[in-house]
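For reference, the structure is listed below as structure tokens.
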Amino acid sequence: MKHISLRLAWHDDGWNGHICKNPRANTHCVGQHSYPGDLISQARDLDWEEQENVAGCHCSAIDGIPPCSYSINAFGNAAIKGESNPPDFFKDNSKGIAFEIPASTACIWPYEQMYSDDIKADKGSSQTYNYTKRLAAAKNFFKEVTPNESLVFYYANKSNPFSEEDDRNFVLVGISRIKKIGEVMYYENVSEENKKKYADGFVWQLPITSKFPDEGFAIPYHKYRDQPEILERITYIPEISDNFKYGTKHISDDDALIYVERLTEIVDFLINVDDTENWVERKTWLVSLQNELWKKRGPYPGLNSALEALEMPEFMDFYKEAVAKSEGIKAKETIFRYLNDKKLTDFVDNSIHPATLKSYQKNWYIKLENQNKRDLIENVLSRIDLKTSQIKLILDDKREQNNIYSSIDAILENPFILQEEYIGTDASDIINFEKIDHAVLPSQELSLDILVPKDDNRRLRALIIDCLKKEDVHSFVDQVTLLEKVNQKISVYPDWKNIQFNKGYIDFEKDFFEEKLFFRTAENITYVYLKDIYEQERIIEKQIRNLVGRLPIDVQRPFNEAKWQNEIFKADCNLDRKAPEEYRTAVESQVLVCKQIFRKPISILSGAAGTGKTTVINAIIKAIKFSSNNTEKCLLLAPTGKASDRMKEATGEEAKTIHQFLASKGWLNPNFTFKKEGGKKESDITTYIVDETSMIDLTLMATLFKAINWDYAKRIIFVGDPNQLPPIGKGKVFAETIEFIKEIDEEAYGHLRDNMRQMENKIDGKGTGIIDLASIYVQEDGHSFESKSDTEDILKKINENGELDQDVKVLIWEDNVSLEEQLISSIKNDMEESGNDNIMNYQVVSPYRGELFGTEHLNKVLQTNLNSKNAQKGLLGGITYFDKIIQFTNRAGLNSYWYNNFKIDKWERVAVYNGEIGQVWMHPFDKKSYHYSTNIKRFNVKFNRQPQYYIEFNNENQVVENIELGYAISVHKSQGSEFSYLYLIIPQSKQTLLSTELIYTGITRAKTKLRIFIEKDLSILQSLRRPERSKLKFINSSLFAFRPLPMEFSNMGAWYEEGKVQATLSEYLVRSKSEVIITNLLVTNEMTSFKYETLLYAPDKTFYLPDFTINVNGKTYYWEHVGMLHIPKYKQRWEEKQKWYEKHFPNQLLVTYESENLTKEAQRIIDEIKRN
100 MKHISLRLAW HDDGWNGHIC KNPRANTHCV GQHSYPGDLI SQARDLDWEE QENVAGCHCS
160 AIDGIPPCSY SINAFGNAAI KGESNPPDFF KDNSKGIAFE IPASTACIWP YEQMYSDDIK
220 ADKGSSQTYN YTKRLAAAKN FFKEVTPNES LVFYYANKSN PFSEEDDRNF VLVGISRIKK
280 IGEVMYYENV SEENKKKYAD GFVWQLPITS KFPDEGFAIP YHKYRDQPEI LERITYIPEI
340 SDNFKYGTKH ISDDDALIYV ERLTEIVDFL INVDDTENWV ERKTWLVSLQ NELWKKRGPY
400 PGLNSALEAL EMPEFMDFYK EAVAKSEGIK AKETIFRYLN DKKLTDFVDN SIHPATLKSY
460 QKNWYIKLEN QNKRDLIENV LSRIDLKTSQ IKLILDDKRE QNNIYSSIDA ILENPFILQE
520 EYIGTDASDI INFEKIDHAV LPSQELSLDI LVPKDDNRRL RALIIDCLKK EDVHSFVDQV
580 TLLEKVNQKI SVYPDWKNIQ FNKGYIDFEK DFFEEKLFFR TAENITYVYL KDIYEQERII
640 EKQIRNLVGR LPIDVQRPFN EAKWQNEIFK ADCNLDRKAP EEYRTAVESQ VLVCKQIFRK
700 PISILSGAAG TGKTTVINAI IKAIKFSSNN TEKCLLLAPT GKASDRMKEA TGEEAKTIHQ
760 FLASKGWLNP NFTFKKEGGK KESDITTYIV DETSMIDLTL MATLFKAINW DYAKRIIFVG
820 DPNQLPPIGK GKVFAETIEF IKEIDEEAYG HLRDNMRQME NKIDGKGTGI IDLASIYVQE
880 DGHSFESKSD TEDILKKINE NGELDQDVKV LIWEDNVSLE EQLISSIKND MEESGNDNIM
940 NYQVVSPYRG ELFGTEHLNK VLQTNLNSKN AQKGLLGGIT YFDKIIQFTN RAGLNSYWYN
1000 NFKIDKWERV AVYNGEIGQV WMHPFDKKSY HYSTNIKRFN VKFNRQPQYY IEFNNENQVV
1060 ENIELGYAIS VHKSQGSEFS YLYLIIPQSK QTLLSTELIY TGITRAKTKL RIFIEKDLSI
1120 LQSLRRPERS KLKFINSSLF AFRPLPMEFS NMGAWYEEGK VQATLSEYLV RSKSEVIITN
1180 LLVTNEMTSF KYETLLYAPD KTFYLPDFTI NVNGKTYYWE HVGMLHIPKY KQRWEEKQKW
1240 YEKHFPNQLL VTYESENLTK EAQRIIDEIK RN
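Put into structure tokens, the structure is as follows:
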């Protein structure tokens, strides 16, 4: 008996049998990963769904059948109608069928079984697959599902509100028990020929009816979409995601138990926050399910996998039959008695031939030559519900390839090591805490020994490691928070598994915890690292400190200033012709940076797009070759394929991804994880130049440092823009390295400030708005009066004109309709004005994947409006001819694409990396049928950076697992690229992902024209400048100094209000030391009703940005702290601002000036307004 998963298309109101109340807002059901395929995307009629007598109505009461009918009634209370139409390739007079979908019913089909090798058609057949075998495979799949016993776990595929960026998540949406499995359905009027070819023309859907509402529930996501604190607690993204693929899959009792335990935790939380459903009753049911699943799971769920790994099929049959008779424990004992005693020759029931038994006994000793491996299988692995592949990897002497560095004896002593260390072959191949916990602390009804008591230190350490692994960005977490998370997780376990841990458990056996964890204390708070993470920080810190301490690099031949000038200066370039004086000044600044960092063993080359980083890199490479008489070797590295390709194109030098370099030195495991040890060190390279360093996380950088022989390496240059998005991973290596280098050796920090692109655009009259706007999001140390003044000017100009310069236009949208209309209109206008309608030059960028302003929905809108002719011809995985697409997986090494090199008539491999953009082209064989084609079966893709290759895509799975529409992409995906025309979407209704770094990165992707589409008003532009909107600033890491963030920042949602500043946090929430002084004085004087940097509008809609807005004694004051009055431009601006205050807010302006007497003067002002 098996349980199953069941995929649903996303529904915004809980799959209740009703059309969504706001159909247009549900952008996920038409996503690339909806169900089934792109049916809803192609068949949906939004105009019909939005009609008053349709939207929000039950499907039984409307005139029509929505294309989401297979999913919509999973938790409905009455029957609805469904329909299915025959596929286009039938090409006969077949007719579709309409059928009833009962209450609590959804339709599904086992797609994985449809594509297995054993159901392929015989050689010589015109078909790839035998449909009779396909139908039999589907029936066999459902035969293993038992009505009234099997559970069904409903889930949404990656097209759901919880998939963002590279985290494309399956999300579990509900559970019930299966009541009935429907009958196979067939299309009507199928021709005799097609009946033979397609097994009578069966429909690839089967209704599955559950016992909801008596048993089961849907997680009420739809009620809390606007309450992130609650949503975070109830969202279930299953760790063991392999069960949620291909529409439906079988689920084991142990995995079902894991899911039920997590659902119990969710329901336990809902009991206290949701009163629309009887959650206490649901919890009672879930607890009873846990007891039921424990019994069904049995004592040895891993035994069959172990026997399969050892190639003992007849023992597997013997054990299965015994389990069916509830004799599993006895059978297990029998199997191992025969394996361990070579003298036993006749099996207990004579079901196994003596020769077979002898071969099993021989393999038991030969394959597992050490007794500890045999003990591990018999006493531990047989208890754990593992896959056969996992058991093989654990037993393999090269198990360190999967990050298992502990010995077999250590695993025998502490099975939780498997959860702590194991990294599988892909993201879904995991061994989680629950799997081990079920094995070592089983239900008392199973009559098994407890291997690890509930209060054991091994269990607590595993729980802590589990929490730290799930921490995305921080290098360390405070111990109190960790224990709270641990206790929350196990609080819903039954009493025999439930224990509330405290720090005493850790203190009592600290040595044991320190084997895997590292503890540090600051201000009486204990913080905890994964030991590997702490050691990675130290590897980087030690080597950087060593490099900083080295003497300048000796050169064999001097590279004088004239040579630097010669390499940097481009004679007769556009800038030199039109603005020679400004250009030569900028060249001088680049030359200065070159001279400054050239002989440094470690240096930083920092600058925004357009500042000439590539020019400087080229000059430095030539200087290295010249000054060493070509004896030194340079290697250019980058974290992404597109960045390394760009470096290679720009310099003509060898460039690799960091992963490629690590693989060549043996530091990369087959599953793309990094080895802790055992790789080789590169000794031939003397100079490493690392581009896009801001994208490199802690683990990648530490492994790179391990792979370099620093006795031979002379220099490393980190190149990047520190204001861009932080890495996807732990730490902030680039930011901390810059801070350290500037403190220790400021000359090693080469900052390119002059923007050549801005200069050229200004001269050519193309506008400098892109660079100007980006500049207000540059994060600098301390306060910049210049930045504050410039910000006010920029925002005022945008407010007045809707433009910043010729290159930047800002448009306001109120709803998705106005956004879509303005977006399409802008792109078409730009195409017309530029005389270029090649869509590859125009890029939409959004912070979000979901929602009406997210990439998934906008891609559909853009496809419909910019490629409608081809979209009408049909789609393959949501994509059609001439669509713009983006690759979202890495296809390199043995996983590279194949392409047909027609020049030599040979298939060859080509690597394509995550984030590469391309365009769809017709397959050469289909060009003749293009004009009348209505069914796309294949197409080619040409990627921008490798236009000589055409990659063939010939089935839907290949498409949806690798590429998606790329008209609109995320800001993260855009990082490292530039686009001639960029359209940046900035919502205000959803701000969880918005940050200072994100908007800066988005703005700086624009090369020629930038169009910003802002929801509601301009306030978000100021909001994203706030210090607290920086993601980078609030990452806990300790590369060179251990300075944990205040604990308050771990729960900002509980107290944060934009503009409000707590005195204890003032250094993090205001920009300058002077403003910290003012803030602390205000709080000390009990004047806490103030806000920092909030826009102040006058009646005429003009505005400024006072440093502080203070309410006291029923009056409002605006405090400005002023500096830089020695510069005429800023003095004039200040005088204008004073007049504005006098006109609109007389007697409300408070002013302090930058001076040594600030504290005294500020206190005097505070005393005065308190008296008033």
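For what it's worth, this note's numbering labels the leading residue of the sequence shown as 100, then goes sequentially.
Glycine included, every Cβ here is placed at the ideal spot set by N, Cα and C.
Values in this document were obtained by computation on a predicted structure and should not be read as measured data.
* Asked: Do Glu1096 and Leu1144 come within 8 Å of each other at the CB atom, strictly closer than that value?
  -> no
* Asked: Around the Cβ of Phe188, are there at least 16 other Cβ atoms within 10 angstroms (buried) or fewer (exposed)?
  -> exposed
* If you check the beta carbons only, do Phe269 and Ser340 fall under 8 Å apart? -> yes
* To do: Starting from the C-beta of Ser1129, find all residues in its chain whose C-beta is less than 7 Å away, skip the five residues before and the five after it, and write them out in chain order.
  => Gln878, Ser1094, Thr1095, Glu1096
* Asked: Taking the runs of the beta strand (DSSP E) that are 3 residues or longer, which of them lie wholly in the stretch 296-380?
  -> 305-309, 315-317
* **Per-residue DSSP class, three states only, for Phe198** => strand
* To do: Within its chain, find whatever has a CB closer than 6 Å to the CB of Thr347; leave out the 5 residues flanking it on each side and keep chain order.
  => Ile103, Ser104, Leu105, Ile207, Pro209
* To do: State the DSSP-derived secondary structure class of Lys1259, mapped to helix, strand or coil.
  => helix
* Tell me, please, whether the stretch 222-236 touches the stretch 248-259 by the rule of three or more beta-carbon pairs shorter than 8 Å. => no
* Taking C-alpha atoms, which residue in Thr1193, Gln150, Phe1207, Thr867 lies nearest to Asn1179? -> Phe1207
* Hey, how far is the Cα of Ile632 from the Cα of Thr798? -> 7 Å
* Asked: Cα separation between Asp892 and Asn898?
  -> 10 Å
* Asked: For the candidate residues Asn601, Asn822, Ile639, whose alpha-carbon lies nearest to that of Thr625?
  -> Asn601
* Asked: Quick one: what's got a C-beta closer than 6 Å to Ser782's C-beta in the same chain, skipping five residues either side?
  -> Asn808, Tyr811
* Asked: With a Cβ-Cβ cutoff of 8 Å, do Val83 and Thr979 count as a contact?
  -> Beyond the ends of the chain as shown, which are 100 and 1271, falls residue 83; an answer cannot be given.
* Asked: CA-CA distance, Lys222 and Asn1054?
  -> 20 Å
* To do: Measure the alpha-carbon distance for His882 versus Ser1165 and round it to whole angstroms.
  => A caution first: His882 carries a pLDDT of 42, below 50, which makes its placement in the model too unreliable to give a value.
* Can the beta-carbon of Leu894 be found closer than 8 Å to that of Leu1120? -> yes
* Any chance the stretch 351-368 sits against the stretch 133-147, with 3 or more Cβ pairs inside 8 Å? -> no
* Going by alpha carbons, who is nearest to Gly136 out of Gln1057, Val909, Asp565? -> Gln1057
* Go ahead and pull the three-state DSSP assignment for Val818. => strand
* Local Cβ density within 10 Å of Ala1261, reported as buried at 16 or more and exposed below that -> buried
* Asked: What's the call for Thr363, buried or exposed, on a 16-neighbour Cβ count within 10 Å?
  -> buried
* Taking the Cβ atom as the reference point for each residue, do Glu199 and Ala177 lie within a distance shorter than 8 Å? -> no
* Asked: Does DSSP put Lys831 in a helix, in a strand, or in coil?
  -> coil
* To do: Pull up the distance between the alpha-carbon of Asp565 and that of Ala1010, whole angstroms please.
  => 34 Å
* Asked: Does the stretch 863-870 come close enough to the stretch 833-851 to have 3 or more Cβ pairs within less than 8 Å?
  -> no
* Asked: Buried or exposed: Ser425, going by 16 or more other Cβ atoms within 10 Å of its Cβ?
  -> exposed
* Best match in Ile1177, Leu646, Leu767 for proximity to Arg1263 [C-alpha to C-alpha] -> Ile1177
* Would you kindly work out how many angstroms separate the C-alpha atoms of Asn478 and Ala408, rounded to a whole number? => 16 Å
* Please classify Phe575: is it buried, with 16 or more other beta-carbons within 10 angstroms of its beta-carbon, or exposed? => buried
* Cys206 by DSSP, collapsed to three states: which one? -> strand
* Asked: Considering only residues of the stretch 1092-1142, which uninterrupted alpha helix (DSSP H) runs meet the minimum length of 4 residues and lie entirely inside it, listed in chain order?
  -> 1095-1102, 1118-1122
* Considering only C-alpha positions, which residue in the set Leu107, Gly130, Gly113 is nearest to Glu955? -> Gly130
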